[in-house]
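Report on one structure; see the data block that follows.
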Amino acid sequence: MIRRLIAASAALLLSACVGLPSTEVDRKIGEETAKSVEEQIGLIDDKALNEYLERVGQRVAAALPSRQFTYKFTVVDQIEPNAFAVPGGYVYVSRGLLALAKTEDELAGVLAHEIQHVERRHSVRQMRKEFGLGLLALPGQIVGGIVSEDLATLAGKPFEAVAAGYSRDQEREADTLGQPLAAAAGYDPKAMAAILDRMERFIGTLTSEKRSPSFFDSHPTTPERVGTLNQRAATIKPAPAKPVAPNEAAFYKRLDGLLVGTNPSEGVVKDASFLHPDLGFRIVFPKGWAVDNSHTAVAAMAPDKKGVAVLGIAGKGEAADLPKIAATFSDKLAKQYRTKPSEIVGTTAGGLPARAVYVTDTSGKEPMHLYFLWIVLKGNVYQMIGIGPESHRPLVKAVADSLRPLTDAERASITEMRLRIVAAKAGEDLGALSKRAEGALAVPVLAAMNGLPEGAKFRGGEWVKVAVKRPHKAPGR
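Heads up, the sequence shown is in my numbering, so the first residue is 334 and it goes up one at a time.
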C-alpha cells in the first residue's frame, strides 16, 4: 500500500516538478504522500510516544555525515510490525513494531535503516518501475473509471497490492549503511538483526489472513541477511552515548498502554458483519467475501473478484440533500463517461431514507451493474458503491439493506487489547505470568513478542510484555 501511495503522489507531481533539483522532487512527493498516510492509514494520537520516537530518530539522523533531507518520525496506526519511509524524510513506525521492540537500540536500528532508504532515494527509484498496474479484475470502461477515481477515493486504497517492495540490492545497501549510522549515534549495531529475527518469528505465529502487510512485504529478508547483519555488527564499534530512555524499565514504560491488535475505533469484523463502535453502525457483507477495513472505508470483495461493495463517509450533516447529491453524481456520469443512469430512485437502507443511482456498463465482455447509494446516519452521509455482474446484484443490494445503527449489546461486545508491562515472579513461566496478568495472547504469540522460549522460566523481576483485553469505550461515551 505504501508503494502505491508514493506512486500515486508521484504521478500527480512529477509533471509539475520538471526542472526542480532531484531532492526537491523527493520533498514534493513526500509532502503529498505523508498526507495520504495520515488520511488512509492513520496516526497514533499519543504525544509522549511520538515525541520519544522523534527524539530517537533525530539523534540517529544527526549522525549522518551529511544529509539531504529534514526528517520527521511518526507512529502509524498499523497492527502489523512495520516501518517505512517515503521520499523527502518522512519515516513511520507502526504500533505493531513498537510492541515487539525490546530495546531502544532495536528501534534506532530500524530508523537508521529507513533513513538510508530515504538518503539513497530508494522509494523514488523503485517507484519508476511500478506505474501502470491495475486495481481490480472488473471489466468495462465505466467500471474502470469509477474504480480508479470514485471507488479508490472512497476506499482510500485498492484491494490488491500494486507494487513490490524494495529490491534485495536496496535492502543490502540500507543494511550496509544503516548499521554504521546507528552505531555512530551510540546504538548497538547488533540490534537490527535481533528485531528482524523477532519480527519474523512473531509473524510466523499468525495466520495468513493476519500477516499482510508486514515489514517483510516491502523489506525482503532471508536467514543469510540476518547472518550478514550479525557479522557486520561484530566489526562496528558504537560511539559512546546515553540512550534517550536510560534503561530497559524506562523504555518499556514508554510502551505501557500501547494498543495491540485491531483498533476498534476503526471498526471490527465479526464473521460477515462489520461493527463500528465510534460511528455507531453495523453492516453485513455476503458470506465468503473478503472484508478489508481501512482508515477511510470498509469494503468487501467476492471470491471471483468481480463483485465489490464499499462503504465510506462522503460528507457530514443530518440535513444533507440526497436527491441533489445523486443528481450531481448523475451529471458527472454524463459528462465524464457519456452515459445515463438506468434509474435514480428514492429508497431505504436499513429502514432509513436513501437515494440510489443504478448504472449498467455494457462496454466489457460481461455486463456489470453499478449501484450507488447515499444515506444519512448519525450525522454522517455515507456512500456505498456496489459493482458486479447480474449474479452479484442481489447480494450488493442486501449489503445496503443491512446498514443500521449499532445496538447497545453489540457495542458492549467490542473489546480492545492494550500492552501491559508486568514484573515476573521467581519460578513463573509465561503461561502462569499471563494468567496472573489476565493476558489475552496465547503463549506462542506471547513468547514471540518477548523474544523468549515458550517454556522460559523467570528468576524474578524481569519485565515482560502482555496484552490485556478490556471493553472499548467510544469517544464521548
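Ideal Cβ positions, reconstructed from N, Cα and C, are used throughout, including at glycine.
Computed from a predicted structure; not experimentally measured.
At which residue ranges does the segment 682–763 contain complete beta strand (DSSP E) runs of 3 or more residues, listed in the order of the chain? Counting only runs of 3 or more, we get 685–694, 701–710, 713–721, 748–756.
Pull up the distance between the alpha-carbon of P573 and that of G429, whole angstroms please. By 1-based counting over the sequence shown, the position of residue 573 is 240. By 1-based counting over the sequence shown, the position of residue 429 is 96. One C-alpha to the other measures close to 30 Å.
I need the boundaries of the beta strand (DSSP E) containing A416, first residue and last residue. One-based indexing of the sequence shown puts residue 416 at position 83. A416 -> beta strand (DSSP E) spans 416–419.
Compare the Cα-Cα distances from T407 to each of P513, L431, S399, K758 and report the closest residue. On the sequence shown, position 74 is the one that residue 407 refers to. T407 has its Cα closest to that of L431, out of P513, L431, S399, K758.
Compute the beta-carbon to beta-carbon distance between E439 and I377, rounded to the nearest angstrom, for a pair I have assumed lies under 8 Å. Counting from 1 along the sequence shown, the entry for residue 439 is found at position 106. Counting from 1 along the sequence shown, the entry for residue 377 is found at position 44. E439 to I377, Cβ: 19 Å. No contact.
Looking at C-beta atoms only, is the number of pairs between the segment 679–692 and the segment 727–744 that lie closer than 8 Å three or more? These segments touch.
Is it the case that the Cβ atoms of V602 and R751 are separated by a distance below 8 Å? Locating residue 602 in the sequence shown gives position 269, counting from the first residue. Locating residue 751 in the sequence shown gives position 418, counting from the first residue. Taking 8 Å as the Cβ cut-off, V602 and R751 do not qualify as a contacting pair.
Exposure label - P804; buried when at least 16 CB within 10 Å: Residue mapping note: residue 804 aligns to position 471 of the sequence shown, counting from 1. P804 comes out exposed.
Start-to-end residues for the alpha helix (DSSP H) that takes in N783: Here the question's residue 783 lines up with position 450 in the sequence shown. That run of the alpha helix (DSSP H) goes 776–783.
Roughly how far, in whole angstroms, is the beta-carbon of V393 from the beta-carbon of A434, given that I think they are within contact range, below 8 Å? Looking up residue 393 in the sequence shown gives position 60. Looking up residue 434 in the sequence shown gives position 101. Actually they are not in contact, since the Cβ atoms of V393 and A434 sit about 14 Å apart, beyond 8 Å.
Assuming F705 and A689 form a contact by the criterion Cβ under 8 Å, report the distance between their Cβ atoms to the nearest whole angstrom. Start at 1 with the first residue of the sequence shown, and residue 705 comes out as number 372. Start at 1 with the first residue of the sequence shown, and residue 689 comes out as number 356. Confirmed, Cβ separation roughly 7 Å.
Using C-beta distances below 8 Å, list every residue in its chain close to E506, excluding the 5 sequence neighbours before and after it, in chain order. The residue labelled residue 506 in the question sits at position 173 within the sequence shown. Closer than 8 Å at Cβ, skipping near neighbours: Q449, R453, H455.
From R615, E447, L562, F607, residue whose alpha carbon lies closest to that of W622: Stepping through the sequence shown from its first residue, residue 622 is reached at position 289. Of the candidates R615, E447, L562, F607, the one whose C-alpha sits nearest the C-alpha of W622 is F607.
Grouping DSSP H, G and I as helix and E and B as strand, with all else coil, what is I377? Here residue 377 refers to the residue found at position 44 when the sequence shown is read from its first residue. The answer is coil: DSSP assigns I377 none of H, G, I, E or B.
How should P597 be labelled, buried or exposed, when 16 other C-beta atoms within 10 angstroms of its C-beta is the threshold for buried? Walking along the sequence shown from the start, residue 597 turns up at place 264. With at least 16 other beta carbons inside 10 angstroms of its own, P597 counts as buried.
Span of the alpha helix (DSSP H) around F584: For this step, residue 584 is matched to residue 251 along the sequence shown. 581–588 is the extent of the alpha helix (DSSP H) around F584.
G650: beta carbon under 7 Å from a heavy atom of the ligand GTP? Among the ligands in the structure shown, none appear at all, so the ligand GTP cannot be discussed.
Helix or strand or just coil, what does DSSP make of A635? As a first step, residue 635 is located in the sequence shown; it is residue number 302 there, counting from the start. In the structure shown, A635 sits in coil (DSSP, three-state: anything other than H, G, I, E or B).
Looking only at its own chain, which residues have a Cβ that is under 6 Å from the Cβ of V755, when we skip the five neighbours before and after it? Here the question's residue 755 lines up with position 422 in the sequence shown. A770, V797, V799.
Taking the beta strand (DSSP E) that H609 belongs to, which residues open and close that run? Residue mapping note: residue 609 aligns to position 276 of the sequence shown, counting from 1. 606–609 is the extent of the beta strand (DSSP E) around H609.
CA-CA distance, S541 and F584? Within the sequence shown, the letter at position 208 stands for residue 541. Within the sequence shown, the letter at position 251 stands for residue 584. Its pLDDT being 41, under 50, S541 is placed unreliably by the model, and the measurement read from it follows with that caveat. Each residue's alpha carbon lies about 31 Å from the other.
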